[in-house]
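Engineer: Note that the UniProt record's numbering gives residue 382 to position 382 of the sequence shown, counting from 1, and the numbers run on in steps of one. Following this message is one structure expressed as structure tokens.
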Amino acid sequence: MAGEASPTELSSELLEDVEDVEDFVEAKEGESSLSSERIRHVSDLMKIGNQAFRENRFEEAINCYSRANSVKPGDPVILSNRCAAYLRICQFLRHRPPSVSEYSPLSGLDPTIHAELALKDAEKVMNFRDDSTKSYILKASALIMLEKYELARDVILSGLHVDPTSDPLKDLERTTASTIGSRGHGKPERTDDFDCTVCLKLLYEPVTTPCGHTFCRSCLFQSMDRGNRCPLCRTVLFISPRTCAISFTLNNIIKKTFPEEYDERKLENESLTNPGGDFMPLFVMDVVLPCQKLHLNIFEPRYRLMVRRVMEGNHRMGMVIPVSRTGSIADFACEVEITECEPLPDGRFFLELESRRRFRVLRDWDQDGYRVAEIEWVRDISPNAGTTQREDLQEVINAAAEFAQSWMKTAREEAQQRQDRARLLELDELESMMPTTRDPELYSFWVSMFISSYYSYKTEAIRKIGTPSRKRYESEDKQGTRLPEIRSPNLRNSITKLIVNASWLV
């Protein structure tokens with residue numbers, strides 16, 4: 001945020017009075033409980049540490065001060081010097097360019113740990129030197145490194161009570177005051193009170209259960225896919241996605257208080273509900289062809305989660321058949337649209353689907369238990385208008401349409417004679433799905449729906465590409481290995497021509 005100084009920018013100002021360290025003064029004989037030999041040892045360690053500090057070898061200096069502190073614990077000079085060394089190495093790490101780590105990686109403590117260690121030493125120094133401005137400068141500097149600006153300002157004001165004329169404390173007070181003022185108009189600090197206890201992220205579309213706990217809507221129902229209990233207290237819940245309302249008051253508070261984080265959560269949720277034009281969630285079950293309608297009963301927890309996300313998005317997913325011999329899925333599949341979705345009391349979904357268009361699976365992976373694929377759409381290449389191929393294709397389609405209508409008329413009369421109501425409904429549905437003959441691709445798939453129900457045939461139909469394979473397919477058809485028996489030879493021949501020559505087998 002403009003006008004707000006970062007810890008890195010502040011460190012050059014707050015360490016102006018920590019440029020040097022104090023020299024250790026040996027106690028006179030009888031003034032210390034230590035022997036003269038141990039006092040000399042401490043003095044030697046302090047001299048080595050101070051020399052290392054002045055040569056910017058801060059880790060070596062910290063090591064010497066720590067050894068001296070183990071011999072003479074609680075000495076304010078030792079603690080003050082070590083605190084200064086912690087602050088200087090923290091400043092060095094914050095100013096270190098990220099590119100340097102590419103060829104000289106760090107393996108020590110991070111800047112925050114150094115700042116916390118500096119704060120501990122500064123607090124101990126203040127217990128011995130509460131009348132020294134340097135003690136307040138050290139503690140305030142450590143707090144600023146930890147981004148605890150309000151606490152740092154309190155320490156600075158306490159130091160100014162001790163020495164109102166201290167210029168370093170006045171400079172620090174002005175700097176922290178401006179920083180606190182800038183942060184007051186910026187992003188407030190977020191506590192875990194606004195976090196979901198399931199995903200441990202900021203609540204998105206919060207739902208409060210009857211037992212009084214609040215979760216993200218998607219997290220709650222993903223948990224309930226495996227049992228209708230509260231994820232926190234295990235109380236049995238009688239709620240469903242359709243009847244459970246979002247807590248709009250809490251949602252608006254979160255949205256206004258944490259706008260940036262809320263937008264991030266929104267984008268994250270949209271990436272799951274709308275994977276994008278090149279990505280598709282997959283339901284692995286069966287082969288479907290364009291223009292086909294079917295019903296599904298969804299009971300597996302992973303697919304219940306997928307259906308909820310699909311219904312929050314564009315209502316579309318892919319259907320693909322598994323390949324048992326390889327353990328993978330087919331390389332071609334079909335997009336389906338959920339036209340009706342009825343949640344059942346036990347958590348299942350009853351779906352009505354209509355297939356739309358084909359796609360090729362480029363790669364697939366698991367996401368929350370179900371498959372998602374990167375795809376490319378498959379479209380037919382129709383002959384240009386006015387060409388002989390186009391005229392031949394249209395002639396075949398018109399002939400197929402005529403025979404299909406004749407076949408359906410005969411089938412309807414037979415069903416009426418038998419009073420087969422189910423068969424009549426099936427024929428009505430099939431006829432309602434019949435596309436126009438001006439679309440050879442869709443019309444050929446519509447014909448394929450009622451001439452075969454074999455998996456192998458449908459799989460070939462949905463993936464067949466290329467003129468050579470089209471000819472091989474024609475040869476197999478002539479041998480009777482592809483198409484099931486159809487009563488009318490003329491209809492069979494017409495449909496065979498259609499499947500062989502129509503553009504959907506490009």
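Here a beta-carbon is modelled for each residue, glycine too, at the ideal position from N, C-alpha and C.
Please report the straight-line C-alpha distance between Ala-373 and Arg-302, rounded to a whole angstrom.
Structural biologist: Ala-373 and Arg-302: Cα-Cα distance of roughly 16 Å.
Engineer: Secondary structure at Lys-124, three-state DSSP: helix, strand or coil?
Structural biologist: Correct three-state label for Lys-124: helix.
Engineer: Helix, strand or coil for Asp-23, going by three-state DSSP, please let me know.
Structural biologist: Three-state DSSP puts Asp-23 in coil, outside helix and strand.
Engineer: Trp-377 and Arg-363 - do their beta-carbons sit closer together than 8 Å?
Structural biologist: No.
Engineer: Please report the straight-line C-alpha distance between Thr-175 and Arg-217, rounded to a whole angstrom.
Structural biologist: Looking at the two C-alpha atoms, the distance is approximately 44 Å.
Engineer: State buried or exposed for Trp-365, treating a residue as buried only when at least 16 other CB atoms are found within 10 Å of its CB.
Structural biologist: By the 10 Å Cβ count, Trp-365 comes out exposed.
Engineer: Three-state secondary structure (DSSP) at Cys-233?
Structural biologist: Cys-233 falls in the coil class under three-state DSSP.
Engineer: Quick one: which unbroken beta strand (DSSP E) runs of 3-plus residues sit fully inside the stretch 283 to 323? Chain order, please.
Structural biologist: Listed in chain order, they are 293 to 298, 316 to 320.
Engineer: Bridge partners of Ser-328, per DSSP?
Structural biologist: Note: Ser-328 sits in a beta bridge opposite Val-323.
Engineer: Take the Cβ of Arg-82 as the centre, count every other Cβ of all protein chains shown within 10 Å, and call the residue buried at 16 or more, exposed below.
Structural biologist: When all chains shown are included, Arg-82 counts as buried.
Engineer: Phe-215 and Val-198 - do their beta-carbons sit closer together than 8 Å?
Structural biologist: In this structure, Phe-215 lies closer than 8 Å to Val-198 by Cβ.
Engineer: Determine the closest residue to Ala-85 out of Ala-142, Leu-250, Tyr-136, Asp-195, with distance taken between C-alpha atoms.
Structural biologist: Minimum Cα distance to Ala-85 is reached at Ala-142.
Engineer: Take Val-284 as the anchor and find which of Phe-24, Val-361, Ser-382, Arg-129 has the nearest alpha-carbon.
Structural biologist: The option with the nearest alpha carbon to Val-284 is Val-361.
Engineer: How do the stretch 64 to 72 and the stretch 124 to 138 stand: do at least 3 beta-carbon pairs fall below 8 Å, yes or no?
Structural biologist: The stretch 64 to 72 vs the stretch 124 to 138: no contact.
Engineer: Check whether the stretch 441 to 448 and the stretch 285 to 300 are in contact - that is, three or more C-beta pairs closer than 8 Å.
Structural biologist: Result yes; three or more Cβ-Cβ pairs closer than 8 Å.
Engineer: Rounded to the nearest angstrom, what separates Lys-148 and Ile-137 at their Cα positions?
Structural biologist: Cα to Cα, the separation comes out at about 14 Å.
Engineer: When the Cα of Glu-22 is compared with those of His-41, Ala-404, Glu-431, Phe-53, which residue comes out closest?
Structural biologist: Closest option to Glu-22, Cα to Cα, is Phe-53.
Engineer: I'd like to confirm the pairing. Which residues does DSSP put opposite Glu-352 in its beta bridges?
Structural biologist: DSSP lists His-295, Glu-340 as partners of Glu-352.
Engineer: Could you tell me the boundaries of the beta strand (DSSP E) in which Glu-376 lies?
Structural biologist: Here the beta strand (DSSP E) through Glu-376 covers 370 to 377.
Engineer: Short check: CB of Gly-313 to CB of Met-280, under 8 Å?
Structural biologist: The answer is no: Cβ separation not under 8 Å.
Engineer: Hey, could you find the ends of the alpha helix (DSSP H) Cys-90 is sitting in?
Structural biologist: First-last of the alpha helix (DSSP H) with Cys-90: 76 to 95.
Engineer: Once you ignore the five residues that flank Val-433 on each side, which residues in its own chain have a CB closer than 6 Å to its CB?
Structural biologist: Sequence inspection shows Met at residue 433; the Val mentioned does not correspond to that position. Cys-291, listed in sequence order.
Engineer: With DSSP as the reference, identify every bridge partner of Arg-360, one or two as the case may be.
Structural biologist: DSSP output for Arg-360 lists Phe-332, Glu-376 as bridge partner(s).
Engineer: Is Leu-203 helix, strand or coil by DSSP?
Structural biologist: Three-state DSSP puts Leu-203 in coil, outside helix and strand.
Engineer: Going by beta-carbon coordinates alone, are Asp-368 and Leu-305 separated by less than 8 Å?
Structural biologist: For Asp-368 and Leu-305, yes; Cβs fall inside 8 Å.
Engineer: Could you say which of Arg-309, Trp-407, Ser-35 lies nearest to Tyr-370 if we only look at CA atoms?
Structural biologist: Ranking the options by Cα distance to Tyr-370, first place goes to Arg-309.
Engineer: Name the residue from Thr-257, Leu-151, Lys-134, Gly-159 whose alpha carbon lies nearest to the alpha carbon of Asp-193.
Structural biologist: Minimum Cα distance to Asp-193 is reached at Thr-257.
Engineer: Excluding sequence positions up to five away, which residues of its chain have a Cβ less than 6 Å from the Cβ of Met-46?
Structural biologist: Phe-24, Ala-68, listed in sequence order.
Engineer: Whose C-alpha, out of Thr-388, Val-287, Phe-221, is nearest the C-alpha of Gly-347?
Structural biologist: Comparing Cα-Cα distances from Gly-347 to each of Thr-388, Val-287, Phe-221, the minimum goes to Phe-221.
Engineer: Where are the beta strand (DSSP E) runs, 3 residues long or more, that stay fully inside the stretch 421 to 448, in chain order?
Structural biologist: As far as the stretch 421 to 448 is concerned, it has no whole beta strand (DSSP E) run of at least 3 residues.
Engineer: Near Leu-250, which residues of its chain fall below 8 Å by C-beta distance, leaving aside the five closest residues on each side in sequence?
Structural biologist: Same-chain partners within the cutoff: Leu-203, Pro-206, Thr-208, Thr-214.
Engineer: Inspect the beta-carbon positions of Val-307 and Ile-298 and report whether they are closer than 8 Å.
Structural biologist: Yes, Cβ-Cβ distance for Val-307 and Ile-298 is below 8 Å.
Engineer: Checking the sheet assignment: what are the DSSP bridge partners for Trp-407?
Structural biologist: DSSP, once it has assigned bridges, lists no residue as partnering Trp-407.
Engineer: Under the assumption that Asp-278 contacts Ile-338 (Cβ atoms under 8 Å), give the Cβ distance between them as a whole number of angstroms.
Structural biologist: So it is not a contact: roughly 20 Å between Cβ atoms.
Engineer: Just the C-alpha distance for Gln-405 and Arg-265, rounded to the nearest angstrom, thanks.
Structural biologist: Straight-line Cα distance between these residues: approximately 53 Å.
Engineer: Can you list, in chain order, the residues of its chain with a C-beta nearer than 6 Å to that of Cys-90? Leave out the 5 residues immediately preceding and following it.
Structural biologist: Answer for Cys-90: Pro-111, His-114, Ala-115, Met-145, listed in chain order.
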